[in-house]
Amino acid sequence: MNSENPYTLSKTLLDILACPACKGGIVHDETAQKLVCIGECQRRYPIRDGIPVMLIDEAELPDEEPG
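To get the numbering used here, take the position in the sequence shown, counting from 1, and add 15.
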């Protein structure tokens, strides 16, 4: 754990998680604090207070700017 990123996700958890939209794999973008689908849809799921929000309606699509 570091001072910039108090929340880290274990490799075991990332290996288990799948994108709810396309069932693709997930990687953790620690800089943006998002989980990124590496499958077909490329959605980005937010992490709030250290908890991944894996809801399709909460995800950003690859062509959307965060905001």
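Note that the Cβ used here is the ideal one computed from N, Cα and C, for glycine as well.
Note that the structure is a prediction, hence the values are computed from the model and not measured.
Assuming alanine 36 and arginine 58 are in contact, meaning their beta carbons sit under 8 Å apart, how far apart are those beta carbons, in whole angstroms? The C-beta separation of alanine 36 from arginine 58 comes to about 6 Å, placing the pair in contact by the 8 Å criterion.
Quick one: is valine 53 buried, meaning 16 or more other Cβ sit within 10 Å of its Cβ, or exposed? The sequence given here has isoleucine at residue 53, not valine. Counting of Cβ neighbours within 10 angstroms places isoleucine 53 among the exposed residues, the total staying below 16.
Starting from leucine 29, trace the alpha helix (DSSP H) both ways and give me its first and last residue. Membership of leucine 29 in the alpha helix (DSSP H) is indicated by the continuous run 26-31.
So what does arginine 63 bridge to, in DSSP terms? The secondary-structure analysis by DSSP pairs arginine 63 across a beta bridge with Ile66.
Taking DSSP as the reference, what is the three-state secondary structure of glutamate 73? Here glutamate 73 sits in helix by DSSP.
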